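>
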Amino acid sequence: MKRIGFIGTENSHTDHFIRLLNAEERHPGYRAVALVGGPSERNNALAEAGDISIIVDNPEDLIGQVDAAVICTRDGARHREQAEPLLKAGLPVLMDKPFATTTADAEAVIVAAQASETPLDSSSALRFVPEIAEFAAAADSLKELRRLTVSGPADPDSEYSGLFFYGIHHVEAALEILGNPVIGADQAVDVTRRGDTTTARTLIGDVEVEFVFVVPGADYRIPFHAQLIGTGAIIAKELTLGGDYNAPLLAKFVDVWESRTPIDVERLLSPVNLLAAISKAV
Numbered sequence: 563m564k565r566i567g568f569i570g571t572e573n574s575h576t577d578h579f580i581r582l583l584n585a586e587e588r589h590p591g592y593r594a595v596a597l598v599g600g601p602s603e604r605n606n607a608l609a610e611a612g613d614i615s616i617i618v619d620n621p622e623d624l625i626g627q628v629d630a631a632v633i634c635t636r637d638g639a640r641h642r643e644q645a646e647p648l649l650k651a652g653l654p655v656l657m658d659k660p661f662a663t664t665t666a667d668a669e670a671v672i673v674a675a676q677a678s679e680t681p682l683d684s685s686s687a688l689r690f691v692p693e694i695a696e697f698a699a700a701a702d703s704l705k706e707l708r709r710l711t712v713s714g715p716a717d718p719d720s721e722y723s724g725l726f727f728y729g730i731h732h733v734e735a736a737l738e739i740l741g742n743p744v745i746g747a748d749q750a751v752d753v754t755r756r757g758d759t760t761t762a763r764t765l766i767g768d769v770e771v772e773f774v775f776v777v778p779g780a781d782y783r784i785p786f787h788a789q790l791i792g793t794g795a796i797i798a799k800e801l802t803l804g805g806d807y808n809a810p811l812l813a814k815f816v817d818v819w820e821s822r823t824p825i826d827v828e829r830l831l832s833p834v835n836l837l838a839a840i841s842k843a844v
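Take the sequence shown: its letters are residues 563 to 844, numbered as in the numbering used here.
1. With three or more C-beta pairs closer than 8 Å as the rule, is the segment 730 to 742 touching the segment 683 to 691?
2. Quick check: what's the CA-CA separation for Ala716 versus Thr761?
3. Beta carbon of Ala674, beta carbon of Leu649: below 8 Å?
4. What are the residues that DSSP puts in a beta bridge with Thr764?
5. Report back the beta-carbon spacing between Thr711 and Val774 to the nearest angstrom; my notes put them in contact at under 8 Å.
6. What does DSSP give as the partner residue(s) for His787 in the beta ladder?
7. Can you grab the Cα-Cα spacing for the pair Thr664 / Val744, in whole Å?
8. Measure the alpha-carbon distance for Asp619 versus Asn605 and round it to whole angstroms.
9. Among residues of its own chain, excluding the 5 on either side of Glu828, which ones have a beta-carbon nearer than 7 Å to its beta-carbon?
10. My understanding is that Ile614 touches Ala596, with C-beta atoms under 8 Å, so please give their C-beta distance in whole angstroms.
11. May I ask you to report which of helix, strand or coil DSSP gives Leu707?
12. Whose CA, out of Gly591, Asp637, Arg588, lies closest to the CA of Ile569?
13. Where does Gln627 land, buried or exposed, given buried means 16+ other C-beta within 10 angstroms?
14. Please determine, among Asn835, Val655, Pro785, Asp758, the residue with the shortest C-alpha to C-alpha distance to Ser802.
15. Helix, strand or coil for Phe807 per DSSP?
16. Among Glu820, Arg640, Asp658, Ile840, which residue has its Cα nearest to the Cα of Glu721?
17. What did DSSP end up calling Phe568 once you bin it into helix, strand or coil?
18. Please classify Ser821 as buried or exposed, where buried requires at least 16 other C-beta atoms within 10 Å of its C-beta.
19. Find the nearest neighbour of Gly757 within the set Val691, Ala699, Pro718, Phe661, judged by alpha-carbon distance.
20. Is the beta carbon of Leu624 closer than 8 Å to that of Val655?
21. Count the other CB atoms within 10 Å of the CB of Glu693; is the residue buried (16 or more) or exposed (fewer)?
22. List the endpoints of the continuous beta strand (DSSP E) containing Ala596.
23. On a Cα-Cα basis, can you pick out the residue from Ile825, Val834, Ala699 that is closest to Thr680?
24. What residue range is occupied by the uninterrupted alpha helix (DSSP H) comprising Ala675?
25. Whose C-alpha, out of Ala609, Ala611, Ala838, Ala843, is nearest the C-alpha of Ala668?
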């Protein structure tokens, strides 16, 4: 039995992962067995629902009690401090979005994983939505790409490291659509903010890329949306998250863990580099 511990249990994504592992047994031989954060109403409820017996105070307390960890902590600025001790101990780690909020933190986590030759992965769920594949399938009709716009909810003033909490979805979706180009820490961006809307523009290869981050309201929904403009067509689609939107993240992590797949360094670093540049310019 491969035992998995969970950090950042305040995040509803933890409920999804535990359901997929323990209730639905989507991955036989893999099970959620431990929660970090100490005894609390939230952890006690998760433990009861998932038949989980281990509740510890700190991430390091998982060492020796689990075989891997999933970090769901909402504030990506805390991911490095939570992941490094586990990676150094040889525990594979899946980091929910965002991977990190600074290039320095992202690089440090990757170095820790590489030094111990430990599997590491992270993704936005938007990378796996069906519309991304539909954009790729439409490549012939689009011909030469000229512009990509991705819009959706994000708040520069979020307590969870600003735009990183939701804005990472915009960035990872865009990079997935474009075939995961490498983005350096020096990527040039132009950012404007008017009221509840922040707009960022950059050039990736020959494609003008625009991100529109809209602060969501209490009584209305801001959907994720992408528009591709080519010399042969314009295609626009809402990016839809179904009830099992976290399932592909977990499945990919299990595959990375089983196969000991080498870390895709640029795929992890590029979104952080780009969104860090945007956040700095806000």
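Just so it is clear, CB atoms sit at the ideal spot from N, CA and C, and this is done for glycine as well.
The model shown is predicted, which means the values in this text are computed figures rather than measured ones.
Answer, in terms of the structure:
1. yes
2. 11 Å
3. yes
4. Val771
5. 7 Å
6. Ser713, Glu800
7. 16 Å
8. 11 Å
9. Val744
10. 7 Å
11. strand
12. Asp637
13. exposed
14. Here the sequence assigns Thr to residue 802, which means Ser is not the residue at that position. Looking at the Cα atoms, Pro785 is the closest of the given residues.
15. At residue 807 the sequence reads Tyr, which differs from the Phe that was named. Three-state DSSP puts Tyr807 in coil, outside helix and strand.
16. Arg640
17. strand
18. exposed
19. Pro718
20. no
21. buried
22. 592 to 598
23. Ile825
24. 665 to 677
25. Ala838
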